[in-house]
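Numbering (the UniProt record's numbering), first residue to last: 1 to 350.
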């Protein structure tokens, strides 16, 4: 089930239905940041601030590409795993790129493009028994959290790559996780048992908080810069489910719900440093910008040729109040969008 299935995927099995939105922007001709000819790409992560023009992408064949989104050229390609790369996380303080995989391992690579050897594997974290579907790094970059299809949620010491704690909860097939900003001990995690959990590293045997209320389970999550609000996006079928939600982490109450996607809403993010806006991306080939306070739709872009989205990564707004949004897709495309906050418009970045 979901993005982290251990079965071989068929990229021709999915089709997208048409979307009719008054504020939709559509263009049959899509300028891609990068394309690998129908090899699914599962994750994308920008490497800012160290490398502001670079993004990393993880692929179904175990490769990682580092791509310059200005020149649309892969500046570095390396084999990270024996099977699909499920998720990527960049740790800027140590220039480390973490990846988790269907091969049940987590890898840490150093990224230094000024060196003669631009990347090297620093460590491998082993201990999960099934596909590792989510990872998160703390602000100090000293601890790594992971979760997988084995229903295990773990904490690792980055320096020694040893597992410090593990908890297994039946049916908690982990889909997504992230460390809570401004809260050094808290981690938010979504699972296929329709729960959103908040874990405390100081008492790992049971979650510190459980948030319920899903129709279909969350596939992705992000957390506001102040750590108070959790954005999630969910699985769904024919417009049922497929929603985004914003939760108040302090009370466990839902702030708003964002509906309109018609297939799995596979990815979501707040716009960094501008958390009044939430972004969702879906297998229906649309990317949407929402008011994160009331759930109202602001702008939509639907580009069938961009593919069925699998992940999203966003940079803070620039001096012109434009946020760059990067997407990966099931058909092997990396695409960049620009969202202009002043004009409330989103478009493919050419």
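Even glycine gets a Cβ: it sits at the ideal position worked out from N, Cα and C.
Distance CB(residue i)-CB(residue j) smaller than 9 Å
i: residue 41; j: residue 285; result: no
i: residue 210; j: residue 242; result: no
i: residue 57; j: residue 73; result: no
i: residue 99; j: residue 64; result: yes
i: residue 206; j: residue 175; result: no
i: residue 223; j: residue 270; result: yes
i: residue 153; j: residue 135; result: no
i: residue 197; j: residue 133; result: no
i: residue 276; j: residue 268; result: no
i: residue 378; j: residue 39; result: The question about residue 378 has no answer, for the chain in this structure spans 1 to 350.
i: residue 171; j: residue 147; result: no
i: residue 348; j: residue 292; result: no
i: residue 249; j: residue 228; result: yes
i: residue 343; j: residue 289; result: no
Where the beta strand (DSSP E) through residue i begins and ends
i: residue 153; result: 152 to 157
i: residue 298; result: 297 to 302
i: residue 218; result: 218 to 223
i: residue 45; result: 41 to 46
i: residue 289; result: 286 to 291
i: residue 244; result: 244 to 248
i: residue 33; result: That residue, residue 33, is in no beta strand (DSSP E); it is neither H nor E in DSSP.
i: residue 212; result: 209 to 212
i: residue 197; result: 195 to 200
i: residue 109; result: 105 to 111
i: residue 166; result: 162 to 168
i: residue 68; result: 63 to 68
i: residue 189; result: 186 to 191
i: residue 147; result: 143 to 148
i: residue 58; result: 54 to 59
i: residue 91; result: 85 to 91
i: residue 345; result: 345 to 348
i: residue 253; result: 253 to 258
i: residue 177; result: 174 to 179
i: residue 335; result: 333 to 340
i: residue 262; result: That residue, residue 262, is in no beta strand (DSSP E); it is neither H nor E in DSSP.
i: residue 324; result: 322 to 329
i: residue 99; result: 96 to 101
Exposure label - residue i; buried when at least 16 CB within 10 Å
i: residue 299; result: buried
i: residue 160; result: exposed
i: residue 149; result: buried
i: residue 330; result: buried
i: residue 189; result: buried
i: residue 335; result: buried
i: residue 52; result: exposed
i: residue 359; result: The requested residue 359 does not occur in the structure, where the chain is confined to residues 1 to 350.
i: residue 151; result: buried
i: residue 312; result: buried
i: residue 85; result: buried
i: residue 318; result: exposed
i: residue 117; result: exposed
i: residue 310; result: buried
i: residue 121; result: exposed
i: residue 251; result: exposed
i: residue 316; result: exposed
i: residue 296; result: exposed
i: residue 220; result: buried
i: residue 71; result: exposed
i: residue 301; result: buried
i: residue 260; result: buried
Selected residue, minimal CA-CA separation from residue i, among the options
i: residue 225; options: 204, 341, 179; result: 179
i: residue 49; options: 216, 36, 96; result: 96
i: residue 155; options: 216, 199, 119, 253; result: 199
i: residue 92; options: 108, 273, 205; result: 108
i: residue 245; options: 175, 279, 67, 344; result: 279
i: residue 104; options: 110, 80, 272, 115; result: 80
i: residue 112; options: 47, 162, 318; result: 47
i: residue 34; options: 307, 140, 292, 216; result: 307
i: residue 201; options: 292, 163, 76; result: 163
i: residue 181; options: 101, 84, 139; result: 139
i: residue 130; options: 90, 102, 292; result: 102
i: residue 215; options: 128, 257, 147, 302; result: 257
i: residue 364; options: 294, 274, 302, 252; result: One cannot answer for residue 364 here, as it falls past the ends of the chain, which runs 1 to 350.
i: residue 294; options: 69, 247, 171, 319; result: 247
i: residue 184; options: 218, 251, 143; result: 143
i: residue 158; options: 123, 186, 230; result: 123
i: residue 90; options: 62, 54, 71, 203; result: 54
i: residue 323; options: 288, 272, 301, 290; result: 272
i: residue 125; options: 208, 60, 36, 145; result: 145
i: residue 115; options: 287, 76, 288; result: 76
i: residue 204; options: 218, 213, 187, 219; result: 187
i: residue 337; options: 326, 305, 213; result: 326
i: residue 127; options: 110, 106, 304; result: 106
CB contact check: residue i to chain D, cutoff 9 Å
i: residue 272; result: Structure shown: chain D not included; a single protein chain is present.
Any non-hydrogen atom of the ligand PLP within 8 Å of residue i CB
i: residue 58; result: As presented, the structure is devoid of all ligands, the ligand PLP included, so that no description of it is given.
> For the segment 264 to 278 against the segment 223 to 237, are there 3 or more C-beta pairs whose distance is under 8 Å?
Replying inline: The answer is yes - the segment 223 to 237 touches the segment 264 to 278, with three or more Cβ pairs under 8 Å.
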